[in-house]
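First up is the structure itself, then whatever we jot down about it.
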Amino acid sequence: MVGVGVDGWSRGWVAVVLRDGRYDSAALFEHVGGVLEAYGDAAAIGVDIPIGLPDAGHRACDLAARIFVGARRSSVFLTPTRSVLRQPFTSGLGVTAQAYALRERILEVDAVAASAPRLFEVHPEVSFAAMARAPLRAYKKTWTGMWHRLSLLKDAGIELPADPGPAGRAGSDDLIDAAAAAWTATRYARGEARCLPEGASGEEPVIWY
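Quick note, the sequence shown lines up with residues 53 to 261 if you use my numbering.
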């Protein structure tokens, strides 16, 4: 059984593949469509990007995720509305720089999500909090934070190689986040994943872990 985790990096997307819950490979892609084409055998593909844009207000899953990750709540941005994301600029619109920086990627995934049933939303910090059974304290770009996340992955049976090939050009935190997304994808495929908010209806956006 193949589970794929996908995270954005400065030049596109990085994907980590788990086969039966163990590390198999990693690769870089310019577009998310390339990920879907490359992994036709994947049972599930978890991507760290909002799926299901609000027409107004805030998504319940973002608010629930902020509570779930505790001290790392700033890593969960509030997803802008679709109309705001389509604006050429955000002056006066109350959109965070973090959210707007991901504008093109959010819209890219939004364009394909409806026709990609294997694709679902994850958030690495939510996944890591689930692995640890508690919110993580250290920021992922710190030495302590990186090693804590690698240790959690190892405890889950996922050991990232020192040399993952071309995917090693991505940031270490991006590769680690993609591995966490792949952990959730494996759980999703096995029917073991849970979602935020709990008890969500079938139509509202959710974040899986």
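Note that the Cβ used here is the ideal one computed from N, Cα and C, for glycine as well. Treat the numbers as computed from the prediction; the structure is a model and nothing was measured.
Cα atoms of Leu88 and Thr131: separation of roughly 23 Å, rounded to the nearest angstrom. If you draw a straight line from the Cα of Gly243 to the Cα of Leu171, it comes to about 15 Å.
Sequence-distant Cβ neighbours of Gly104 in its own chain, meaning closer than 6 Å and more than five residues away, are Pro257. When the alpha-carbon of Phe120 is set against those of Ser203, Ser253, Ala95 and Arg246, the nearest one is in Arg246. For Phe180, the enclosing alpha helix (DSSP H) covers residues Pro176 to Ala184. Taking every protein chain shown into account, the CB of Gly60 has 16 or more other CB atoms within 10 angstroms, so this residue is buried. Excluding five sequence positions before and after Tyr240, the CB atoms of its chain that fall closer than 6 Å to its own CB belong to Ala96 and Trp260, given in chain order. Assignment of Val69 by DSSP, reduced to helix, strand and coil, places it in the strand class.
Counting only runs that start and end inside the region 66 to 152, the beta strand (DSSP E) elements of at least 3 residues fall at 74 to 81 and 96 to 99.
Taking the Cα of Thr194 as reference, the smallest distance to any Cα among Ala153, Asp93 and Ile228 is reached at Ile228.
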